[in-house]
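So the structure is just underneath, and the comments pick up after that.
Residue numbers (the working numbering), protein chains in the order written: chain C, 91 to 214; chain G, 180 to 666; chain L, 2 to 423.
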């Protein structure tokens, strides 16, 4: 079995202090150094194993006044799926009216993450 | 409208729609002629005429024997009438030359004599007390100077726009994006072709091509001369600056240039500059910051309150310099029915109305028959501009046209109606609209209004987003639209 | 001409305007809220990213979501809202009222007659002219905020190959946004030796996309005749450009994120005294400017980083406007000045009887420093700060109980400082 060792320097973003972390991953075992609190260990671990991000974007809106509808993921999405999500968002064409929070894409690629409308657009 | 089968034959073709070409076009529009004005840029006044000091000169800077001196004085006197007819912003605020020591005062006396010989009306020598009285913002170190009450300030591009509008209204045809690439004289007509293959035919041609007058001459097979670009950089100060003088302030000139001026603009801002450097590239409009200190130190010697903190933006203009230093306005001896109007540096703007008279006479001498048209209209319609109006007048205007109430440019107080008017008058680029309305010239430099102006241009012209440009051709603003479905 | 007579005119319908209007209206006064754009919300509408509302609503919201909360709040009040209306003039009438003319395509010119005015006009971006980048004048140079509006509201991508000037949050957010819409960001250039934006944004907007950040660098030249073609980037050595290190990046778009300026043209027009350190009006403990009955809050007073602070500051201003309308004035005020390592403190005076909230900006980057408030040389409040940096505004409460036992004296001197050691 090949030994996999993966090491990264990163700045923890959980609180404004910004501890400099060194995170090492060796065959699924994660070691985090440099954090001054336990939240940093959680952040470092997740960043190296399965980084996730909240994605915000806009999609086409069919409305006489507004051209774009802001949208967002309702939870952080695995990093490697972001490109695919954006492609899907740019395919959307949402007709007004829309309520903030309306579900636009449900359970994207089985991650449990939904894409919701970020604005209420009233009927014409 | 354009019938490509029929040969487009004109009596007169004017190459270059800067201040010279536009003035000539309007002057000749008074006659029963078919005239075409050819301009290589997307809009008129996009060359030297858009970037200069806007000064109407006082008639003392050039020697009496020079053609430009004569035309400067004549032109200067024509501006009141022109403003009444064309409504461009113009103020005869007066010009001062400030002497900071006894030596400089001697030069000032020399300028005064020259002004008197040239016929500058009302020109006077000032004592320290008198000049400080005339201009309280001057340094207390001033020892005296010269006052030319006939001097003034205009917005140069607004002047050119109004000249062209008047010309068009009186039957002149304008062709923009027409860059002359070849010309042949055949059967009594100049056959003039542009880069895209469009061809016009004209009995007479006036070469008013500014920086490229030498190239046009070459293309036509005319006299060989060389126009060198002389770059001048200016800094524009916020209208809230406390350093705004009431008159145009000149330092004492030296051999190379008129010196670093402090110019109140008609619109209330202040220009500081210009520098004067020969540049090899006729398109080099770059600005540099190493001149900044030089320009401001020099300006502060005359107006102590001048501060670089008030700078909104910098810009540069290129003067078409011809060896000999005078205007070259003469019929060609090599090509029939062809008039050169070249080397029109300062005081070109001031002289423009007189240049037009002069060229008209040259054309007449050259055989062009001039019959006055009976339906000539000297005035253009005044465009309501809300920045000059009271709230009560604006309220009445909004009732007629609600677009006057939609403020697009907050910094300069420009309404949507004015922008639409600019577009209807042929200014479809961001810069064209900027020069016609002033939208985008204020302190935010288009940060707030640009998005809105783009939408208005698209709505009024039907252009798609990727056709919106800063000043035509490849100066497009936007790369892609997110609203189009991606493949 | 249509005339609106109200107790309070709020100029600006963004975060500050909405919060101030709601606060005044809740105290029973008539309020007109005037907004130049077609809808309320201000710049929040184009800030589609997350990070708003953690303090105000205990939730992480996007800009439009945050705006919508406030729009709903305003909708439930009797505030008269005038959108698509631009205030162009503010006059002080002899009878003490304030007169404003608002231009609207729908209403014509409206003459507002108000007993009090709240200035909430926000700020504008510094642009190429302010930073004087040498070079040609091609198309393709945008401020980051304009690009953000074009992308997020109009749906146009300004360019394909981007260089961003300034590592403030707007520039960083746009770096990510441009990458997400398919453009490539080749560099972020920052004149300071440290980034101005939040570390979180450096990580998620630059590191995630491997966008290089050049600290202590400047754009020394723009190239391109019709459209941007390239820029020269020059490192600073001891604060001075070192031309020998200049390198060129091919690009077609330059986004400028080089600072914000409070939009005080209306204030200047009417003669309000401005603080050169903030760019906004000098205000007392009531957030009132040098002109009676004219108050200010939000970005027009000083540039904020957190919209939550804007809402809190504007709410306070609204409360003070209502106090003012009721004839209440602070019994006394103590001038407060920035001390060591503090750039400025707003407001410039505090009210010891009713308490005050101060907003201040540090001059230093430091961990584990101490924020101290001293009165006549004595420390009256001390707070440990885990992390401070110039791009993060600090909010400091001075409740009345701090002053109850103190001898304030005839000519009190108050100072707020930041120090490394206690």
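Here a beta-carbon is modelled for each residue, glycine too, at the ideal position from N, C-alpha and C. Note that the coordinates shown come from a computational prediction; the quantities given were computed from them, not determined experimentally.
**OP:** Return the Cβ separation of residue 383(L) and residue 373(L) in integer angstroms, given the expectation that the two are a contact with Cβ distance under 8 Å.
**Re:** 5 Å
Original post:
Apart from the five residues on each side of it in sequence, which residues of its chain come closer than 8 Å, Cβ to Cβ, to residue 380(L)?
Top reply: 373, 374
Subject >> 8 Å contact criterion, which residue 225(L) and residue 137(L) should meet: CB distance rounded >> reply: That belief holds up - the Cβ atoms of residue 225(L) and residue 137(L) are roughly 6 Å apart, short of 8 Å.
Original post:
Among all the DSSP beta bridges, which residues are the ones paired with residue 238(G)?
Top reply: Answer is none; residue 238(G) lacks a bridge partner.
**OP:** State whether the segment 406–422 of chain G contacts the segment 533–551 of chain G, with contact taken as three or more CB pairs (one from each stretch) at a distance under 8 Å.
**Re:** Result no; under three Cβ-Cβ pairs closer than 8 Å.
**OP:** Could you say if the segment 100–109 of chain C and the segment 161–175 of chain C meet the contact criterion of at least three C-beta pairs nearer than 8 Å?
**Re:** no
Original post:
What are the start and end residues of the alpha helix (DSSP H) that includes residue 481(G)?
Top reply: 471–481
Original post:
Helix, strand or coil for residue 420(G) per DSSP?
Top reply: coil
Subject >> Closer than 8 Å to chain C by CB, residue 180(G) >> reply: Because the pLDDT at residue 180(G) is just 46, under 50, the model does not fix this residue reliably, and the value given afterwards should be weighed accordingly. Chain C, which has no Cβ nearer than 8 Å to the Cβ of residue 180(G), makes this no.
Subject >> Reference residue 179(L), options 147(L), 340(L), 302(L), closest by Cα >> reply: 147(L)
**OP:** List the residues of chain L whose Cβ lies closer than 8 Å to the Cβ of residue 231(G), in chain order.
**Re:** Neighbours of residue 231(G) on chain L: none; closest Cβ ~15 Å, over 8 Å.
**OP:** Mind the definition here: the segment 390–406 of chain L touches the segment 359–368 of chain L only if three or more C-beta pairs lie below 8 Å; say whether that holds.
**Re:** Three or more beta-carbon pairs separated by less than 8 Å link the segment 390–406 of chain L to the segment 359–368 of chain L, which places the two stretches in contact.
**OP:** Could you check if residue 35(L) is buried or exposed, using at least 16 other CB atoms within 10 Å of its CB as the buried criterion?
**Re:** buried
Subject >> 8 Å Cβ cutoff, residue 362(L) in contact with chain C >> reply: Chain C, which has no Cβ nearer than 8 Å to the Cβ of residue 362(L), makes this no.
**OP:** Go through its chain and collect everything with a Cβ distance to residue 91(C)'s Cβ below 7 Å, but skip five positions before and after it.
**Re:** The predicted model places residue 91(C) with a pLDDT of 47, which falls under 50 and marks its position as unreliable; any figure quoted below should be read in that light. Hits under 7 Å: none found.
Subject >> For residue 538(G), three-class secondary structure by DSSP >> reply: When DSSP states are grouped into helix, strand and coil, residue 538(G) belongs to the helix group.
Subject >> residue 213(C) beta carbon less than 8 Å from that of residue 186(C) >> reply: yes
**OP:** From the DSSP output, in three-state form, read off residue 187(G) for me.
**Re:** Correct three-state label for residue 187(G): coil.
Subject >> Coarse secondary structure for residue 203(G), derived from DSSP in three states >> reply: helix
Subject >> Residues near residue 656(G) by beta carbon distance below 6 Å, same chain, minus five either side >> reply: 647
**OP:** Count the other C-beta atoms from every protein chain shown that fall within 10 angstroms of the C-beta of residue 367(G), then say buried if there are 16 or more, exposed otherwise.
**Re:** exposed
Original post:
From residue 213(L) to residue 150(C), what does the alpha carbon distance come to, in whole angstroms?
Top reply: Distance between the alpha carbons of residue 213(L) and residue 150(C) is about 31 Å.
Original post:
Going along chain L, which residues have a C-beta under 8 Å from residue 148(C)?
Top reply: 49, 152, 153, 156
Subject >> Near-chain C residues of the segment 190–221 of chain L - C-beta to any C-beta below 7 Å >> reply: 200, 201, 204, 205
**OP:** Take residue 195(L) as the anchor and find which of 237(L), 231(L), 82(L) has the nearest alpha-carbon.
**Re:** For residue 195(L), the closest C-alpha among the options 237(L), 231(L), 82(L) is that of 237(L).
Original post:
Using a Cβ-Cβ distance under 8 Å, would residue 66(L) count as near chain C?
Top reply: yes
Original post:
Are the C-beta of residue 120(C) and some C-beta of chain L separated by less than 8 Å?
Top reply: no
Subject >> Buried/exposed call for residue 183(C), threshold 16 Cβ in 10 Å >> reply: exposed
**OP:** Please name the residue in 90(L), 93(L), 154(L), 75(L) whose C-alpha comes closest to that of residue 153(C).
**Re:** Out of 90(L), 93(L), 154(L), 75(L), 154(L) has the C-alpha closest to the C-alpha of residue 153(C).
**OP:** Within its chain, find whatever has a CB closer than 8 Å to the CB of residue 8(L); leave out the 5 residues flanking it on each side and keep chain order.
**Re:** 25, 30, 31, 32, 115, 116, 117, 326
**OP:** Mark residue 159(L) as exposed unless 16 or more other C-beta atoms lie within 10 angstroms of its C-beta, in which case mark it buried.
**Re:** buried
Original post:
If you drop the 5 nearest sequence neighbours on each side, which residues of the same chain put their C-beta closer than 6 Å to that of residue 165(C)?
Top reply: 203
**OP:** Measure from the alpha carbon of residue 329(L) to the alpha carbon of each residue in 350(L), 96(L), 321(L), then state which is nearest.
**Re:** For residue 329(L), the closest alpha carbon among the candidates 350(L), 96(L), 321(L) is that of 321(L).
**OP:** Could you give the DSSP three-state label for residue 305(G): helix, strand or coil?
**Re:** strand
Subject >> Three-state secondary structure assigned by DSSP to residue 127(C) >> reply: coil
Original post:
Can you tell which of 212(G), 189(G), 193(G), 186(G) has its C-alpha closest to the C-alpha of residue 554(G)?
Top reply: 212(G)
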